[in-house]
Every structure is written in structure tokens, then in C-alpha cells.
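A.B. asks: Quick one: structure below, then a few questions.
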Amino acid sequence: MAEKLEKDGFHLSRTGRTLPILLLRAREQVMERFRPMLAAHDVTEQQWRVMRVLMETEAMDASELAARASVLAPSLSRILKTLDQRGLITTRKDEKDGRRTLVALTPAGTGFIKSVAPKSAAIYAEIEELLGQDRIETLLDELEALIETLSKGR
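Every position in the sequence shown, counted from 1, becomes a number in this note's numbering once 18 is added.
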């Protein structure tokens with residue numbers, strides 16, 4: 019069990035052993051390996067996430083895209099504008115519901131993802147080599163369980 023601190027009557031775990039801090043530190047360690055690749059292709063982490071999510075579907079509602087890419091809606095608007103200017107995505111109004119905007123990769127966007135994906139896969143393979151496939155699968159399963167459990171009842 020983690021050592022507890024008491025200050026002002028509250029019992030606190032050491033910050034190095036708290037879920038929020040450890041998740042942030044783990045994310046930073048992982049992303050430090052991917053950032054040079056993203057920078058070399060002039061794409062931000064958020065832009066990459068958006069395009070990766072779009073790669074899994076033909077077109078997606080902007081609200082759903084924001085949620086699946088873990089991007090705030092105001093940030094998504096800016097990201098979509100940039101990706102559209104680069105010719106990597108298209109946006110259009112949903113024919114069935116004019117209030118909704120549908121977003122899709124262009125052929126250039128698909129080509130971009132396909133050209134960068136081998137580099138991304140190589141970085142992922144390096145991480146997997148360090149940690150082991152079984153541990154990564156277990157970690158992914160546990161993180162999915164955490165998300166599912168905490169999102170219930172919201």
C-alpha cells in the first residue's frame with residue numbers, strides 16, 4: 019500500500035503513486051517517442067489522433083470525432099480547418115441533419131496516414147519490445163476497464 023501523507027487533516031498518497039500522475043507520466047513517456055515522428059511530418063498529436071480515428075471509418079460526425087479522438091470541440095474546429103487547408107480531410111453538412119458536420123479523410127489524407135503508419139508501427143514495436151506484448155495487452159485491457167467503469171452512471 020502506498021505511503022500516506024497527512025497535511026491539514028487530509029490523508030494523501032504520494033503524488034508519484036497516484037493514478038492521475040502516473041497516467042500523465044506514462045503518456046509523456048510514450049509520446050516522447052512519437053513526437054519526433056509527428057514533428058518530422060508537420061502534424062500535431064491532436065491532428066494525428068483525428069486522422070487516425072477518421073482512418074477507421076468513411077465519414078464521422080464532428081461531435082463523435084471529438085470524443086473518439088479525445089479533443090475538445092473548440093480545438094477540433096481549428097484542427098479541422100488546418101487539415102482541410104492541407105487537403106487531408108473534407109467536411110460537409112449531413113444531408114439528413116443539416117446541423118451536423120461530417121468529416122472524412124481525402125485520398126491525400128489516407129495516403130498521408132499510410133506513409134507515416136510504418137514509422138508509427140516501428141515506434142510501437144520498440145515499446146512492445148521493451149514491455150512485452152502480454153504486458154501491453156494487459157495494460158490496454160485494464161485501461162479500457164478503468165474507462166468503462168468510471169464512465170458508468172455519468
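Glycine residues also receive a C-beta, built at the ideal position from the N, C-alpha and C atoms.
(1) Could you tell me the boundaries of the alpha helix (DSSP H) in which residue 119 lies?
(2) Whole alpha helix (DSSP H) runs in the segment 36-68 with 4 or more residues, listed along the chain?
(3) Going by C-alpha to C-alpha distance, which of 113, 118, 46 and 59 sits closest to residue 83?
(4) Which partner residues does residue 16 have in the DSSP bridge list?
(5) In chain order, what residues of the same chain have a beta carbon less than 7 Å from the beta carbon of residue 77, not counting five sequence neighbours either side?
(6) Residue 94 and residue 127 - do their beta-carbons sit closer together than 9 Å?
(7) Taking only the alpha-carbon atoms, compute the straight-line gap between residue 45 and residue 133 and give it to the nearest angstrom.
(8) For residue 164 and residue 86, I'd like the C-alpha separation in whole angstroms.
C.D. replies: This is what the structure holds:
(1) Note, residue 119: premise wrong, no alpha helix (DSSP H); beta strand (DSSP E) at 119-123.
(2) 37-58
(3) 118
(4) Residue 16 is absent from the model: the chain starts at 19 and stops at 172.
(5) 120, 121 and 122
(6) no
(7) 24 Å
(8) 16 Å
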